[in-house]
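So for the sequence shown, the working numbering puts the first residue at 334; every next one is plus one.
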Amino acid sequence: MTSISSDSRADRLQNLLAAHADRLENAPAQSVLTWAHETFGPTLCATSSMADAVMVHLLAQCAPGTDVLFLDTGVHFPETLAFRSLMAQRYDVRVVDVAWSSSGARRSELQGEWARDPEACCRRRKVDPLNRALAPYDAWVTGIRRAESASRRHTRVLDWDERNQVMKIAPLAHWSDDEIRKYVREHALPSHALSESGYTSIGCAPCTARPTNDDPRSGRWPGWEKTECGLHQAPAFPAGVVTSR
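Here is the structure:
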């Protein structure tokens, strides 16, 4: 396992990224996760919105025991919370609830913020809590895919997350929707109850509806020109850019 703990942590991580990004860009997801597990050990984590079981299942197979951060925004669908509990019980990962912090009085004031200022709401309940939660880790696995939206079409398998100062790993970056469905079938994975009733992208309850067009994320933040919560910035090294040094 590679140890990364010196004052030049960011430089070491970026050098590691440059050394492996092109080699792993088209590697199978299983190979990417095995490499990440062997390289980072306990300083590897993942995030999951608990909308499906694919990433959790892959982690359990290739990187058992990995911390899977679940952003508990306080406004999830009950079905999502039930699915989160199922994932924690069934698979060999450690689900860690990451709660947003505010006093009781302040929380009362912020009820309905999603309807007034969804950008601020996402930042308060997702972006800032994740930033704090990632502090002990060197690498962050995410399930985002190029096929999910135009804003994600340049996602690389390995990238650098400047805001959180970690290597960002997207093993499913090149997977299509059909490949996701095929993996679920082949491994008999459980499905989120809402995905069975027409929801193609599942986030917080107040900001999630069924899709309004062919874009699977068109049901997110209905009534707003917003398609991302802010967790995923534009890639530092867009797909197709040579990163080796």
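Beta carbons are placed, not taken as given, at the ideal position from N, Cα and C, and that holds for glycine.
Classify residue 502 as helix, strand or coil using the three-state DSSP reduction. Taking the sequence shown and counting its residues from 1, the one referred to as residue 502 is at position 169. In the structure shown, the three-state DSSP call for residue 502 is strand.
Q. Is the beta carbon of residue 416 less than 9 Å from the beta carbon of residue 525?
A. For the purposes of this step, residue 416 is identified with residue 83 of the sequence shown, where counting begins at 1. For the purposes of this step, residue 525 is identified with residue 192 of the sequence shown, where counting begins at 1. In this structure, residue 525 lies closer than 9 Å to residue 416 by Cβ.
Spatial neighbours of residue 405 in its chain, beta-carbon cut-off 7 Å, leaving aside the 5 residues before and after: On the sequence shown, position 72 is the one that residue 405 refers to. Here residue 405 has 430, 431, 432 as same chain residues with Cβ atoms under 7 Å from its own Cβ, once five neighbours each way along the sequence are excluded.
Less than 6 Å between C-beta atoms, sequence neighbours within five positions excluded: which residues of the same chain meet that for residue 367? Translated into the one-based positions of the sequence shown, residue 367 becomes position 34. Once the five neighbours on either side are set aside, the close Cβ partners of residue 367 are 395.
- Item | Distance between residue 472 and residue 302 (C-alpha atoms, nearest Å) | Since the displayed the chain opens at 334 and closes at 578, residue 302 lies outside it and no answer follows.
- Message: Using a 10 Å radius around the Cβ and a threshold of 16 neighbouring Cβ atoms, would you call residue 515 buried or exposed?
- Response: Mapped onto the sequence shown, residue 515 falls at position 182. Of the residues assessed, residue 515 falls on the exposed side of the cut-off, its CB having fewer than 16 other CB atoms within 10 angstroms.
Beta-carbon spacing of residue 540, residue 553 below 9 Å
One-based indexing of the sequence shown puts residue 540 at position 207. One-based indexing of the sequence shown puts residue 553 at position 220. Closer than 9 Å, so yes.
Closer than 8 Å by C-beta to residue 438: which residues in its own chain qualify, once you throw out the five before and the five after it? Chain order, please.
Here residue 438 corresponds to residue number 105 of the sequence shown, with the count starting at 1. At residue 438, the pLDDT of 45 sits below 50, so the modelled position is not reliable; the number obtained from the coordinates is stated separately. Nothing listed; no residue qualifies.
Fill in: For residue 378: DSSP bridge partner residues
In the sequence shown, counting from the first residue as 1, residue 378 sits at position 45. Partner(s): 400, 473.
Q) Which same chain residues, not among the five before or five after residue 363, have their C-beta less than 6 Å away from its C-beta? A) One-based indexing of the sequence shown puts residue 363 at position 30. The residues 395, in chain order, have a CB closer than 6 Å to that of residue 363 in the same chain once the five nearest residues on each side in sequence are set aside.
Report task. Report the rounded CA-to-CA distance for residue 468 versus residue 462, giving the unit in angstroms. Result -> Sequence index remark: in the sequence shown, residue 468 carries index 135 (1-based). Sequence index remark: in the sequence shown, residue 462 carries index 129 (1-based). Residue 468 and residue 462 have their C-alpha atoms roughly 10 Å apart.
For residue 562, name the three-state secondary structure that DSSP assigns. Counted from its first residue, the sequence shown places residue 562 at position 229. Of the three classes helix, strand and coil, the one that applies to residue 562 here is coil, per DSSP.
- Task: Could you tell me which of 565, 344, 373, 510 sits nearest to residue 455, measuring between CA atoms?
- Result: Indexing the sequence shown from 1 puts residue 455 at position 122. Out of 565, 344, 373, 510, 565 has the C-alpha closest to the C-alpha of residue 455.
Per DSSP, the bridge partner or partners of residue 427 = For this step, residue 427 is matched to residue 94 along the sequence shown. Paired residues: 400.
Looking at the secondary structure, which residues open and close the beta strand (DSSP E) in which residue 433 lies? Translated into the one-based positions of the sequence shown, residue 433 becomes position 100. Premise fails: residue 433 is in no beta strand (DSSP E) and is neither H nor E.
- Message: With distance defined between alpha-carbon atoms, name the residue in 497, 508, 498, 465 nearest to residue 485.
- Response: Within the sequence shown, numbered from 1, the residue matching residue 485 stands at position 152. Closest by alpha carbon: 508.
Discussion item. Contact between the segment 351-358 and the segment 376-391 is defined here as three or more beta-carbon pairs at a separation below 8 Å; is this criterion met?
Written reply: No contact exists between the segment 351-358 and the segment 376-391.
task: Determine, using beta carbons only, whether residue 365 and residue 476 come nearer to each other than 9 Å.
output: Counting from 1 along the sequence shown, the entry for residue 365 is found at position 32. Counting from 1 along the sequence shown, the entry for residue 476 is found at position 143. In this structure, residue 365 sits away from residue 476, with a CB-CB distance that is not shorter than 9 Å.
- prompt: What's the C-alpha gap between residue 335 and residue 548?
  reply: Locating residue 335 in the sequence shown gives position 2, counting from the first residue. Locating residue 548 in the sequence shown gives position 215, counting from the first residue. With a pLDDT of 46 at residue 335, under the threshold of 50, the predicted position of this residue should be treated as unreliable, and no value is reported.
*Please name the residue in 546, 502, 534 whose C-alpha comes closest to that of residue 354.*
Residue numbering aside, residue 354 sits at position 21 when the sequence shown is read from its first letter. The option with the nearest alpha carbon to residue 354 is 502.
For this session: With DSSP as the reference, label residue 492 as helix, strand or coil.
Result: By 1-based counting over the sequence shown, the position of residue 492 is 159. Shown here, residue 492 sits in a strand according to DSSP, grouped into three states.
For this session: Could you spell out the range, first to last residue, of the alpha helix (DSSP H) harbouring residue 516?
Result: Along the sequence shown, one-based indexing puts residue 516 at 183. Per DSSP, residue 516 is one residue of the alpha helix (DSSP H) stretching across 510-519.
- Task: Can you tell me which of 398, 383, 520 puts its alpha carbon nearest to the alpha carbon of residue 371?
- Result: The sequence position of residue 371 within the sequence shown is 38, counting from 1. The option with the nearest alpha carbon to residue 371 is 398.
Pick helix, strand or coil for residue 604, following the three-state DSSP scheme.
The shown model of the chain, from 334 to 578, leaves out residue 604, and the question about it has no answer.
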